[in-house]
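Down below is the structure, laid out as structure tokens.
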Amino acid sequence: MSKYSKINRRKFLKFSAVAAGSAILVACGGGAPGATPTTGASPAPGGSSTPAASAGMSPSPSPAASPTSAASPAPSPTSAAASPTPAMEQTPAASPTSAGQAGGNITAQIAPMAPEIKPSGQPTGGEFHGAWPYQMPPTGHWNTFATNNNSFGIYWDMLEMPLGFYLWDKNQYVPLLAVSWEIIPPDTFQVKLRQGVKWSDGSQFTSKDVVTTFTLLRLQDAVVWNYLGSIDAPDDYTVVFKMKDPSTVVPRYILREHIRANSVYGEFAQKAKAMFDKGATTSSADMKKLRTQFEGFRPKELVVSGPYKVQPGSMTESQVTLVKVPDAWNANMVNFDKIVLYNGETPTVTPILLSKQIDYATHGFPPATEKALQQAGFRIIRPPVYSGPALFFNYKRLNEFSDPKVRQAIAMAVNMDQNATVSLGESAKRCKYMAGVSDSILEKWVPQSELSKLNSYAYDPDKAAQVLQSAGFKKQGDTWVTPNGKRMEYELGVPAEYADWSAAAQNLADQLTKFGIKTTVRPVTFTQWSTQMDAGRFQLGINAWGAGNPHPHFSYVADLLTHNAPLASGGGMNYPLKQKTQSVGEVDLQKLTIQAASGLNIDRQKEVITTLAKAFNELLPIIPLWERYGNNPALENVRVTGWLPENDPIYANSPYSDNFVTYMILNGTLKGVSR
């Protein structure tokens, strides 16, 4: 089973889908995703430990044309070609390919290719100022496969670049280090690579870099290797992935993986390959030893394929500077000469923002701070995060919550609209379907006839009291008492530095106490909170539900498996995954979560996801409080110009897994202010 790094909330939102998925498959030996031990960035600010950003497929090709509404579908071909040059070229969509697989003909769909990015004219120069938490050496380091690395979250896409970038509104991938890709039935995914790319150390970018990257991910039990059987490079610019368990999520795992330099990591990859070729597995003693050595490796610098690199000597406790790589393949496509990143979580960066030293941030700012930022001249961008905070229970320590009626009662006893408003104002909305997946994502996978049957758990404290009484609970004075005579009095843990989650926790505690479940908030330093939860050292806790990924599989991994046995080292919430329901009968939630991403048959996946949604809605193993939208401050016309209008489709992208600002820098939309 993969190890997990201690990560902040922004990192969690960027990578949780992939990390959680990887571990479940490693633990269960199933055909679904798993995690690698790299860090990313925060839940907003959080992160997970896999280098791959979220992997996914949208069954109906187009998410929203705005952050809150859905757009019409676009075609989904299995292959598309792009020119290896920077010139923009529209590639016609191909029709889906029918892939033969055991059980019948399967429709293999991957998102079509978007036009290439092309130069937008003479770069304007100037500086872009952002914010992202990082750690100073020796804790922080440049091995982006290992815990505590400094990859700078959303800005990683401009350093060790991925093969492609995903556009949520179009359900398309923009070619980056890849120029084309296709599924070749029944089990092959082939990628053609961009020629003429050099790493910042002078070495050529070739298929060796891709093979090295994925070989080392295999060493780390990464998610994608629960689907892959092999990787081969027939020439310097072609990579062939053979799938042992074909799945619609594989293309995204591959296209959104950050490719590392063979010149830096090749020695470890060669050793790992030699051991795999001899039949060794990741559980063998020699392989574990190699993995330990590899994850302890500390490169002297971050060798990049993108337009920016870390300026030597620029990193301090407060900020770091990324400078343009003059001979990068896309240096003439980006405008800024420098990107300055300020270090810190919400309390640290807030005063820097208010002094207008930061142009954009993804932290979770409380309503009062948001108002102050608007008064200072910042625009607030509200992209969907496709996730939010949830109430978790420790079922091993608190057996009284094992009856789903009790959890249903709690859901009705809490005014979710109020909780959302006090936490993030306009950037938090209660969940309509209460099914553990973002409402807008779920609508693409579950038919309306089934969605209409889901319980929204509208605020109704009187009905909540009746449900508790029907489960044998009684109220003594102002406090509920369990059937065993235990007073319902609990601690509610929350990461202290997350302003929005802290506000949600305090409001939740106040509402539960008023209802008769006396609840006291226990703030915990964010670097320790997930570790404590996974070890089972909590009673009630706040952590994330859902994932910023088009495929619901990853949301259910986060909901049911990430902080639960067998993945959590100490059992986590210890929620039994085999359950009996009234809506769908007996279910194995772990098995269903794996099946949700297995195979290339989208219709079959929809059936499994519908079952999961109905079971989750009835059982409420965790209780989603609200869905988060970003409240990302953007400063116009001080250092940066070119921000797109609020209704632009790019803002359908998650601010963490497929950040729109990164893309607007890469395609030249954002420019330096003329002096």
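The sequence shown runs -19 to -1, 1 to 656 under mature numbering (1 follows the signal peptide of the UniProt record, and there is no 0). For glycine and all other residues, C-beta sits at the position ideal for the given N, C-alpha and C.
Terminal residues of the beta strand (DSSP E) in which residue i lies
{"i": "D213", "result": "L209 to D216"}
{"i": "W526", "result": "L521 to G527"}
{"i": "E470", "result": "E470 to P476"}
{"i": "A312", "result": "Unbroken run through A312: none, as it is neither H nor E."}
{"i": "M224", "result": "T219 to M224"}
Contact under 7 angstroms by Cβ, residue i with residue j
{"i": "A253", "j": "L200", "result": "yes"}
{"i": "I339", "j": "H110", "result": "yes"}
{"i": "G406", "j": "P348", "result": "yes"}
{"i": "V589", "j": "Q571", "result": "no"}
{"i": "G517", "j": "T460", "result": "no"}
{"i": "Y289", "j": "M139", "result": "yes"}
{"i": "E108", "j": "K319", "result": "yes"}
{"i": "G653", "j": "T105", "result": "yes"}
{"i": "N524", "j": "P280", "result": "no"}
{"i": "A95", "j": "V155", "result": "yes"}
{"i": "D607", "j": "K410", "result": "Here residue 607 turns out to be Trp, not Asp, going by the sequence shown. The answer is yes: Cβ separation under 7 angstroms."}
{"i": "Y556", "j": "L593", "result": "no"}
{"i": "S437", "j": "K413", "result": "yes"}
Among the options, the one whose alpha carbon lies nearest that of residue i
{"i": "V324", "options": "G611, N131, R241 and G552", "result": "Correcting the residue type first, residue 324 is Asn in the shown sequence and not Val. When each option's Cα is compared against that of N324, the closest is N131."}
{"i": "Q100", "options": "G522, V191, A309 and S211", "result": "One detail in the question is off: residue 100 reads as Pro in this sequence, not Gln. Per the Cα distances, A309."}
{"i": "D190", "options": "D441, I165 and A159", "result": "A159"}
{"i": "P114", "options": "V589, V321 and W510", "result": "V321"}
{"i": "P626", "options": "T343, T650 and A390", "result": "T650"}
{"i": "K495", "options": "I391, D138, K425 and A525", "result": "I391"}
{"i": "T169", "options": "W149, L197 and S211", "result": "S211"}
{"i": "A528", "options": "D639, Y556 and S437", "result": "D639"}
{"i": "V221", "options": "T125, F126, S188 and A242", "result": "S188"}
{"i": "M268", "options": "R233, H122, A549 and L197", "result": "L197"}
{"i": "R609", "options": "N380, A549 and S408", "result": "S408"}
{"i": "W526", "options": "N582, T508, G369 and F146", "result": "G369"}
Other residues of its chain near residue i: CB distance less than 8 angstroms, five sequence neighbours each side excluded
{"i": "N488", "result": "Q399, N400, V403 and S404"}
{"i": "P143", "result": "A34, L157, L158, L236, R237, E238, H239 and I240"}
{"i": "E298", "result": "M117 and N324"}
{"i": "L271", "result": "L200, F249, K252, A253 and M256"}
{"i": "D420", "result": "C412, K413, Y414 and E608"}
Chain D contact for residue i (CB, 7 angstroms cutoff)
{"i": "V330", "result": "No chain D appears in the structure shown, which is made up of a single protein chain."}
Residue i, buried or exposed, once every other Cβ within 10 Å from all chains shown has been counted against 16
{"i": "S47", "result": "Because S47 sits at a pLDDT of 30, beneath the cut-off of 50, its placement in the model cannot be relied upon, and the point is left open."}
{"i": "D182", "result": "exposed"}
{"i": "D202", "result": "buried"}
{"i": "E248", "result": "exposed"}
{"i": "S228", "result": "buried"}
{"i": "residue 657", "result": "Residue 657 lies beyond the residue range present for the chain, which begins at -19 and ends at 656; the question has no answer from this structure."}
{"i": "P579", "result": "For clarity, residue 579 is Ser in the given sequence; the question names Pro instead. Buried."}
{"i": "S3", "result": "Confidence at S3 is low in this model, with a pLDDT of 39, below 50, so the placement of that residue should be treated as unreliable; the coordinate-derived value is given next. Classification of S3: buried, given that the 10 Å Cβ count is 16 or more."}
{"i": "N311", "result": "buried"}
{"i": "G294", "result": "exposed"}
{"i": "P428", "result": "exposed"}
{"i": "S76", "result": "Because the pLDDT of S76 is 28, which lies under 50, any placement of that residue in the model is unreliable, and the number read from its coordinates should be weighed accordingly. Classification of S76: exposed, given that the 10 Å Cβ count is below 16."}
{"i": "Q356", "result": "exposed"}
{"i": "S23", "result": "The predicted position of S23 is uncertain, since its pLDDT is 34 and thus under 50; a value taken from the coordinates is nonetheless stated next. It counts as buried."}
{"i": "Q447", "result": "exposed"}
{"i": "P332", "result": "exposed"}
{"i": "residue 729", "result": "Absent from the model: residue 729. The displayed extent of the chain is -19 to 656, so no value can be given."}
{"i": "S451", "result": "exposed"}
{"i": "I481", "result": "Ile is not the amino acid found at residue 481; the sequence shown has Asp there. Buried, by the Cβ-count rule."}
{"i": "E567", "result": "exposed"}
{"i": "A549", "result": "buried"}
{"i": "K467", "result": "exposed"}
Where the alpha helix (DSSP H) through residue i begins and ends
{"i": "A577", "result": "Looking at the DSSP string, A577 is not in any alpha helix (DSSP H), and its letter there is neither H nor E."}
{"i": "L334", "result": "T327 to L335"}
{"i": "Y644", "result": "F641 to L647"}
{"i": "Y246", "result": "N243 to D258"}
{"i": "A549", "result": "Here A549 belongs to no alpha helix (DSSP H), and DSSP marks it neither H nor E."}
{"i": "A266", "result": "A266 to E276"}
{"i": "N613", "result": "No alpha helix (DSSP H) holds N613; the beta strand (DSSP E) holding it covers N613 to L616."}
Cβ-based neighbour list, residue i, same chain, cut-off 7 angstroms, excluding 5 preceding and 5 following
{"i": "L334", "result": "A342, L354 and P614"}
{"i": "V330", "result": "A112, Y323, I339, A342 and H344"}
{"i": "P533", "result": "V418, I422, L423, W426, A577 and I590"}
{"i": "G453", "result": "P464"}
{"i": "G553", "result": "M514, D515, G517, H544, N545 and A546"}
{"i": "residue 671", "result": "Any answer about residue 671 is impossible in this case: the structure gives the chain only from -19 up to 656."}
Cutoff 6 angstroms; reference residue i; Cβ partners in own chain excluding five residues on either side
{"i": "K595", "result": "S564 and V565"}
{"i": "M645", "result": "L651"}
{"i": "N313", "result": "P100"}
Residue i CB to nearest heavy atom of the ligand ZN below 6 angstroms
{"i": "E617", "result": "As for the ligand ZN, it is missing from this structure, which has no ligand bound."}
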